[in-house]
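Inspection log for the structure reproduced underneath, given as structure tokens.
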Amino acid sequence: MAFFKKLASAASEVMDKVEDAIEKNKKLQGNNMSMSRDETFEKDSKKAVPGLIRMFSGCQDSQTSADVSNTSSFGLRSGAGGACTNALLSSLKKSEGKELTWVELLESMREILAKKRFTQIPQLSSSRDLDLQHGHFSPLHKNGGTGKKRGLFIGINYVGQQGELRGCHNDVIQMKEYLTSHGFDDIKVLMDDGSHESPTGQNIIEAFEWLVAGVEAGDSLFMHYSGHGGSTQDKDGDEKDGKDETLVPLD
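According to numbering that gives the first Met the number 0, the stretch in the sequence shown is residues 0 to 250, in order.
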């Protein structure tokens, strides 16, 4: 899990930039703007995480990402699901093929959730400086996705356990459909549905290793996780709140 800890550390500086860009975007109302590059951040992030990684998360560290009882209210296929996942898919569907910038997509997700009275605030992190105003969202590498396209999908409903969820399998199904429609053809799915590989801690770690094995510059990798999250004591002092965020495997 050291890889994800490095990512979280490298991405922490860009979080403030995301929030600042959103406020500036609202004030400028679509006018062009340029963002100065932070050379120190660029150097440190490349050292910590060589790859270009962008991550949407469902809420702030102090919040909990909610379940949705019926995703048809998001204009999607009926069933249970995660609020963040369905806000993302609903935003992309409503764009009707129009390319959205990263800020536009993040703002749309937040607006959808706020209108539905969810208090969680989705976040965007990146291992590199990101052109928030002009760079367009895509699950593919910026070269157009000419390399390998590999996707890992993890959905855990914790069937029969305390804290059982209902929508994580549906999240995986819908996100997998979205990714395959963009050419992702090397897919691994972990779900506690009796039909797929079980999302135990060891299997998840091995799936992460599978995801990055043999990758080269220009490859497109995608990872989706729907399940419980948690926190543990930060032991190296790189988290402002004193906690490291964790995934919660089936076991």
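Think of the CB as a built atom: it goes at the ideal place given N, C-alpha and C, for glycine as much as any other residue.
All values derive from a computational prediction rather than experimental measurement.
Inset, instruction - Apply the 10 Å Cβ neighbour rule to Ser180 and answer buried if 16 or more other Cβ atoms are within range, or exposed otherwise. - result: Classification of Ser180: exposed, given that the 10 Å Cβ count is below 16.
Inset, instruction - Give me the Cα-Cα distance between Glu41 and Val158, rounded to the nearest whole angstrom. - result: Roughly 43 Å separates the two Cα atoms.
Inset, instruction - Starting from the Cα of Gln59, find the closest Cα among Ser124, Ala47, Glu98 and give me that residue. - result: Ser124
Inset, instruction - Check whether the Cβ atoms of His140 and Gly134 lie closer than 8 Å to each other. - result: Taking C-beta atoms as the reference points, His140 and Gly134 fail to come closer than 8 Å.
Legend entry - Contacting residues, own chain, Cβ-Cβ under 6 Å from Cys83 (five flanking each side not counted): Gly57, Ser64, Pro121
Legend entry - C-alpha gap between Val214 and Met222, whole angstroms: 14 Å
Inset, instruction - With a 10 Å radius around its C-beta and 16 neighbouring C-beta atoms as the bar for buried, classify Thr70 as buried or exposed. - result: buried
Inset, instruction - Report yes if the C-beta distance between Gly182 and Pro248 is below 8 Å; otherwise report no. - result: no
Inset, instruction - Can you say whether Gln173 is buried or exposed, counting buried as having 16 or more other CB atoms within 10 angstroms of its CB? - result: buried
Inset, instruction - Indicate the three-state DSSP secondary structure (helix, strand or coil) for Phe152 in the structure shown. - result: strand
Legend entry - For Tyr177, the first and last residue of its enclosing alpha helix (DSSP H): 167–179
Legend entry - DSSP state of Arg53 mapped onto helix, strand, coil: strand
Legend entry - Nonlocal neighbours in the same chain, by C-beta distance under 6 Å from Val188, ignoring five residues either side: Phe152, His195
Legend entry - For Leu189, the first and last residue of its enclosing beta strand (DSSP E): 185–190
Inset, instruction - Helix, strand or coil for Gln201, going by three-state DSSP, please let me know. - result: helix
Legend entry - Entirely enclosed alpha helix (DSSP H) segments - the stretch 87–169, minimum 4 residues: Within the stretch 87–169, the complete alpha helix (DSSP H) runs of at least 4 residues are 101–114.
Legend entry - Cβ-Cβ distance between Asp130 and Gly154 below 8 Å: no
Legend entry - Under the three-state DSSP convention, the category Lys239 falls into: coil
Legend entry - Arg149 vs Leu87 beta-carbon contact at 8 Å: no
Legend entry - Helix, strand or coil at Phe245 [DSSP, three-state]: It should be noted that the sequence gives Thr, not Phe, for residue 245. The answer is strand: DSSP assigns Thr245 an E or B state.
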